[in-house]
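Position one of the sequence shown corresponds to residue 0 (numbering that gives the first Met the number 0), numbered consecutively onward.
Read through the structure below, which is laid out as structure tokens, and then see the notes.
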Amino acid sequence: MILLVIIVVLLFCNYFYIEKRCNELTNRLDSLEKSIIDFDDEKISKNLEDVESYWQDKKDMLLAFSNHKCLDDISQTFLKISAKIDTQRYGEALEQIRLAKLHIVDILTNEIPSFENIF
């Protein structure tokens with residue numbers, strides 16, 4: 000019984016950790032999206048660098064706690080976002096940003112503590 004309680008507590012701690020990191024990443028993506036919509040090249044560069052550095056800092060820790068396929072999808076999407084911005088294809092970059100946000104939602108959905116995740 001104690002082991003079950005420990006597992007449930009760890010699942011909830013894991014979820015809240017992932018949720019916090021995903022919310023921070025989503026906020027950074029929102030800033031990048033807004034700067035693209037405003038066509039502010041200086042902010043686009045700054046926000047893109049911010050998103051990429053945050054992702055590089057946090058992805059290794061997220062790999063320990065989350066589904067690797069979802070994280071690989073997000074990494075690939077960030078590469079596409081960077082390439083689209085470098086070539087100034089902002090419409091396509093916005094699509095990729097929205098896709099990255101969907102991948103983030105998938106991570107959160109898959110990590111919600113549920114009966115299936117416990118057993």
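In this text, a Cβ means the ideal position worked out from N, Cα and C, and glycines have one as well.
Next on the checklist: Which runs of the beta strand (DSSP E) at least 3 residues long sit entirely within the segment 4-72? Give them in chain order.
Outcome noted: Entirely contained in the segment 4-72, not one beta strand (DSSP E) run reaches 3 residues.
Next on the checklist: Once DSSP output is grouped into helix, strand and coil, what is the label at Q87?
Outcome noted: Reading the sequence shown from its first residue, position 88 is the one you call residue 87. Coil at Q87, not helix or strand.
Checklist entry - Roughly how many angstroms separate the alpha carbons of L2 and L10, rounded to a whole number? => result For the purposes of this step, residue 2 is taken as residue 3 along the sequence shown, with counting starting at 1. For the purposes of this step, residue 10 is taken as residue 11 along the sequence shown, with counting starting at 1. CA-to-CA, the gap between L2 and L10 works out to about 12 Å.
Item to check | For I84 and L24, believed in contact at Cβ under 8 Å, the rounded distance | outcome: Position 25 of the sequence shown, counted from the first residue, corresponds to residue 24. Position 85 of the sequence shown, counted from the first residue, corresponds to residue 84. Your pair L24 and I84 does not check out as a contact, with CB atoms roughly 17 Å apart and the cut at 8 Å.
Checklist entry - By Cβ distance, which residues of its chain are closer than 8 Å to K68, with the 5 residues on each side in sequence left out? => result Locating residue 68 in the sequence shown gives position 69, counting from the first residue. Leaving aside the five residues that flank K68 on each side, none in its chain has a CB nearer than 8 Å to its CB.
Next on the checklist: Could you tell me the alpha carbon to alpha carbon distance between S65 and I106, rounded to whole angstroms?
Outcome noted: Along the sequence shown, one-based indexing puts residue 65 at 66. Along the sequence shown, one-based indexing puts residue 106 at 107. In this model, S65 and I106 are separated by some 7 Å (Cα to Cα).
Next on the checklist: For S44, count the other beta carbons within 10 Å of its own beta carbon; 16 or more makes it buried, fewer makes it exposed. Which is it?
Outcome noted: Taking the first residue of the sequence shown as position 1, residue 44 is located at position 45. By the C-beta density criterion, S44 is exposed, having fewer than 16 other C-beta atoms within 10 angstroms.
Next on the checklist: Using 7 Å as the threshold, is the C-beta distance between V50 and L78 below it?
Outcome noted: Against the sequence shown, residue 50 aligns to sequence position 51. Against the sequence shown, residue 78 aligns to sequence position 79. No Cβ-Cβ contact shorter than 7 Å links V50 with L78.
Checklist entry - I35: which of K100, G90, Q55 and T108 sits nearest, CA to CA? => result Indexing the sequence shown from 1 puts residue 35 at position 36. For the residues K100, G90, Q55 and T108, the minimum Cα distance to I35 belongs to G90.
Item to check | Buried versus exposed call for L62 [16 or more other C-beta atoms within 10 Å across all chains shown] | outcome: For the purposes of this step, residue 62 is identified with residue 63 of the sequence shown, where counting begins at 1. So L62 ends up on the exposed side.
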